[in-house]
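Chemist: This is the structure I have questions about; it appears just below.
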Amino acid sequence: MATDKSSSLLLFRCRTTLDSNSVFSLRTSVTKSKGKFYCLFSGGNQKENSEAIVSIDMPAGPSEVLVIADEHASPVYIAADLLSQAITFSNLYAPEHLIINVKDAEKWEGLIENACSVFIGPWTPESVGDYASGTNHVLPTYGYARMYSGVSLDSFLKFMTVQSLTEEGLRNLGPYVATMAEIEGLDAHKRAVTLRLEDIEARQPSQTK
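Mind the numbering: the sequence shown is residues -15 to 193 in this note's numbering, read in order.
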């Protein structure tokens, strides 16, 4: 952990390969160091006020469960799982956990658009997902399933875009870029293009009739 960056990345990489006890020990030792972290991933909403300082996995509030049930479901199980709603409402509500306890429950899965962790059939209580079935338990709540997913390996990655233009490419795109930059009042952006276009034009052989 020679640098701030390496200590942060070490924590993230190990979390994907170690068991929970090892990760807890590693997290404790790393957070006691003086290194700065760039991302905070965990359950609960204690870290949410840190969002302006470091990246967090997602906004989180109180834990939620939504149950979809019909006459084939056991009232005892449904009472334990809390409440019953319909697919349309579920997609609007965007629950953190969604339990589908109806006949042929697997057929309903394709209708779900907004939910983070879905539990299919009468023998799949939400608590199994929390503790044993292997699905992720760090999930967005309070309707944020409409725009966030649960933490996955992608959460530990960043993505870049890379572009490379040829001289011809800049000749083709440059005038449009300059026009848009001018409309936005960004003269420096415009000049970054027009200076190059002027240089390209100056190097073109003069055409005589």
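In this text, a Cβ means the ideal position worked out from N, Cα and C, and glycines have one as well. Source: prediction; values computed, not measured.
Starting from asparagine 75, follow its DSSP beta bridges and name the residues at the other end.
Modeler: As a working mapping, residue 75 is identified with position 91 in the sequence shown. Asparagine 75 is not bridged to any residue.
Chemist: Would you say proline 106 and serine 58 are within 8 Å of each other, going by their C-beta atoms?
Modeler: In the sequence shown, residue 106 corresponds to position 122, counting from 1. In the sequence shown, residue 58 corresponds to position 74, counting from 1. Yes, the pair counts as a contact, with Cβ atoms nearer than the cut-off.
Chemist: Where does the unbroken beta strand (DSSP E) through histidine 81 begin, and where does it stop?
Modeler: Here residue 81 corresponds to residue number 97 of the sequence shown, with the count starting at 1. Element bounds for histidine 81: 81 to 85.
Chemist: CA-CA distance, tyrosine 115 and glycine 127?
Modeler: In the sequence shown, the residue the question calls residue 115 occupies position 131. In the sequence shown, the residue the question calls residue 127 occupies position 143. Spanning the two alpha carbons is a distance of roughly 23 Å.
Chemist: Taking the continuous alpha helix (DSSP H) assigned at serine 111, which residues delimit it?
Modeler: Counting from one through the sequence shown, the residue named residue 111 turns up at place 127. Element bounds for serine 111: 110 to 115.
Chemist: Among the candidates Ala89, Glu97, Ser117 and Gly158, whose CA atom is the shortest distance from the CA of histidine 173?
Modeler: The residue you call residue 173 lines up with position 189 of the sequence shown. Nearest C-alpha to histidine 173: Gly158.
Chemist: Smallest Cα separation from alanine 129: which of Ser101, Glu166 and Ile184?
Modeler: The residue you call residue 129 lines up with position 145 of the sequence shown. Of the candidates Ser101, Glu166 and Ile184, the one whose C-alpha sits nearest the C-alpha of alanine 129 is Ser101.
Chemist: What is the residue span of the alpha helix (DSSP H) that valine 146 lies within?
Modeler: Taking the sequence shown and counting its residues from 1, the one referred to as residue 146 is at position 162. Element bounds for valine 146: n/a, residue is neither H nor E.
Chemist: Since alanine 78 and alanine 99 are thought to touch, with beta carbons under 8 Å apart, how far apart are those beta carbons, to the nearest angstrom?
Modeler: In the sequence shown, counting from the first residue as 1, residue 78 sits at position 94. In the sequence shown, counting from the first residue as 1, residue 99 sits at position 115. With 8 Å as the limit, alanine 78 and alanine 99 qualify as a contact, their Cβ atoms being about 7 Å apart.
Chemist: Out of Ser117, Gly113, Thr72 and Arg187, which one is the CA nearest neighbour of leucine 95?
Modeler: Residue 95 sits at position 111 when you count from the first residue of the sequence shown. Of the candidates Ser117, Gly113, Thr72 and Arg187, the one whose C-alpha sits nearest the C-alpha of leucine 95 is Thr72.
Chemist: Would you grab the beta carbon distance between phenylalanine 103 and histidine 121 for me? Rounded to a whole angstrom, and I think it's under 8 Å.
Modeler: In the sequence shown, residue 103 corresponds to position 119, counting from 1. In the sequence shown, residue 121 corresponds to position 137, counting from 1. That belief does not hold up - the Cβ atoms of phenylalanine 103 and histidine 121 are roughly 13 Å apart, past 8 Å.
Chemist: Consult DSSP for valine 102 and reduce its assignment to one of helix, strand or coil.
Modeler: Along the sequence shown, one-based indexing puts residue 102 at 118. Valine 102 falls in the strand class under three-state DSSP.
Chemist: I need the straight-line Cα distance from glutamate 182 to phenylalanine 143, nearest angstrom please.
Modeler: For the purposes of this step, residue 182 is taken as the residue at position 198 of the sequence shown. For the purposes of this step, residue 143 is taken as the residue at position 159 of the sequence shown. Going from the Cα of glutamate 182 to the Cα of phenylalanine 143 covers about 34 Å.
Chemist: According to DSSP, what are the bridge partners of isoleucine 96?
Modeler: Here residue 96 refers to the residue found at position 112 of the sequence shown. Per DSSP, none; premise fails for isoleucine 96.
Chemist: Can you tell me which of the three DSSP states alanine 53 falls into?
Modeler: For this step, residue 53 is matched to residue 69 along the sequence shown. Alanine 53 falls in the strand class under three-state DSSP.
Chemist: What is the C-beta distance between glutamate 97 and isoleucine 84, in whole angstroms, given that I count them as a contact (C-beta under 8 Å)?
Modeler: By one-based count along the sequence shown, residue 97 stands at place 113. By one-based count along the sequence shown, residue 84 stands at place 100. The pair is not a contact, with the Cβ atoms about 13 Å apart (cut-off 8 Å).
Chemist: Below 8 Å between beta carbons: does that hold for arginine 175 and leucine 154?
Modeler: Start at 1 with the first residue of the sequence shown, and residue 175 comes out as number 191. Start at 1 with the first residue of the sequence shown, and residue 154 comes out as number 170. Result no, Cβ atoms of arginine 175 and leucine 154 do not sit closer than 8 Å.
Chemist: Using C-beta distances below 8 Å, list every residue in its chain close to glutamate 194, excluding the 5 sequence neighbours before and after it, in chain order.
Modeler: What is shown of the chain runs -15 to 193, which leaves residue 194 out entirely.
Chemist: Within 10 angstroms of the Cβ of threonine 150, are there 16 or more other Cβ atoms? Answer buried if so, exposed if not.
Modeler: Here residue 150 is taken as the residue at index 166 of the sequence shown, counted from 1. Exposed.
Chemist: In the DSSP assignment, the alpha helix (DSSP H) including lysine 174 goes from what residue to what residue?
Modeler: Walking along the sequence shown from the start, residue 174 turns up at place 190. Here the alpha helix (DSSP H) through lysine 174 covers 171 to 187.
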